[in-house]
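Okay, so here's the structure we're looking at.
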Amino acid sequence: SIKHPPQNPPPRPPAEMRRKRA
Amino acid sequence: GPIMLDSYRVVSDYSKSSKYELNLKAGDLVDIVEKSPNGWWFCQFETHRGWAPASYLEPLDGPDEREEPEPDYAGELYKTIKAYKAVEEDELSLEFGEIIEVIHKLLDGWWVVRKGEETGYYPSMFLCRTGEKKEV
Numbered sequence: 427s428i429k430h431p432p433q434n435p436p437p438r439p440p441a442e443m444r445r446k447r448a
Numbered sequence: 005g006p007i008m009l010d011s012y013r014v015v016s017d018y019s020k021s022s023k024y025e026l027n028l029k030a031g032d033l034v035d036i037v038e039k040s041p042n043g044w045w046f047c048q049f050e051t052h053r054g055w056a057p058a059s060y061l062e063p064l065d066g067p068d069e070r071e072e073p074e075p076d077y078a079g080e081l082y083k084t085i086k087a088y089k090a091v092e093e094d095e096l097s098l099e100f101g102e103i104i105e106v107i108h109k110l111l112d113g114w115w116v117v118r119k120g121e122e123t124g125y126y127p128s129m130f131l132c133r134t135g136e137k138k139e140v
């Protein structure tokens, strides 16, 4: 149901986010 | 009183991969209703509600480091409750039932874990605390 988060692992951070973290 | 929701900015376009997720575009502003530790956050975007990956969201006021715990290099013991095969180079492949040490609990749901000499990312949703402290 919508109350429960998806059962699959979330995606890894996109390239934009990795650049910001670095 | 009114409930103040945290606003986050979408960093990159995201296409949903299951029913109750949101499709998002870079630059969209979403309000966070619930932050699940597995890296899926329940968000409101305009009139839509659904789950979005925390890894695609950044706080409006810049990186919020208060939220993310510091790495714990001593490690905390966890057991894998589901096997996962690494897709990217910096991930670890583990079988069901392995005992590993969690070094860094990242909010995006990918935790840094150590098994013997190896370290890498593993989905936090496939880990369960053993309740034991590592013997030093």
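So the protein lines, in turn, are chains R and S.
For my numbering, add 426 to where a residue sits in the first sequence, where the first one is 1.
For my numbering, add 4 to where a residue sits in the second sequence, where the first one is 1.
Yeah, the Cβ is synthetic: ideal placement off N, Cα and C, and Gly gets one too.
Is F100(S) helix, strand or coil by DSSP? Indexing the second sequence from 1 puts residue 100(S) at position 96. In the structure shown, F100(S) falls within a coil segment according to DSSP collapsed to helix, strand and coil.
State the CB to CB distance for the pair P127(S) and Y88(S), rounded to an integer number of angstroms; the pair is presumed to be in contact (CB under 8 Å). Counting from one through the second sequence, the residue named residue 127(S) turns up at place 123. Counting from one through the second sequence, the residue named residue 88(S) turns up at place 84. The pair is a contact, with the Cβ atoms about 6 Å apart (cut-off 8 Å).
So, at 6 Å on beta carbons, what are the nonlocal neighbours of P75(S) in its own chain, with the 5 sequence-adjacent residues on each side left out? Your numbering for residue 75(S) matches position 71 in the second sequence. Contacts found: I107 and H108.
With H, G and I counted as helix, E and B as strand and the rest as coil, what does DSSP make of Y77(S)? Position 73 of the second sequence, counted from the first residue, corresponds to residue 77(S). In the structure shown, Y77(S) adopts coil according to DSSP, grouped into three states.
Does DSSP put E105(S) in a helix, in a strand, or in coil? Start at 1 with the first residue of the second sequence, and residue 105(S) comes out as number 101. It is a strand residue.
Span separating the alpha-carbon of G54(S) from that of L64(S): As a working note, residue 54(S) is residue 50 in the second sequence. As a working note, residue 64(S) is residue 60 in the second sequence. C-alpha of G54(S) to C-alpha of L64(S): approximately 20 Å in a straight line.
What number of angstroms, rounded off, separates the C-alpha of L111(S) from the C-alpha of R438(R)? Counting from 1 along the second sequence, the entry for residue 111(S) is found at position 107. Counting from 1 along the first sequence, the entry for residue 438(R) is found at position 12. CA-CA distance, L111(S) to R438(R), rounds to 11 Å.
The alpha helix (DSSP H) spanning R438(R) covers which residue range? Walking along the first sequence from the start, residue 438(R) turns up at place 12. R438(R): not part of any alpha helix (DSSP H); DSSP gives it neither H nor E.
Could you check how far apart the C-beta atoms of W44(S) and P432(R) are, in whole angstroms? I think they sit under 8 Å. Residue 44(S) sits at position 40 when you count from the first residue of the second sequence. Residue 432(R) sits at position 6 when you count from the first residue of the first sequence. Yes, W44(S) and P432(R) are in contact; Cβ-Cβ is about 6 Å, under 8 Å.
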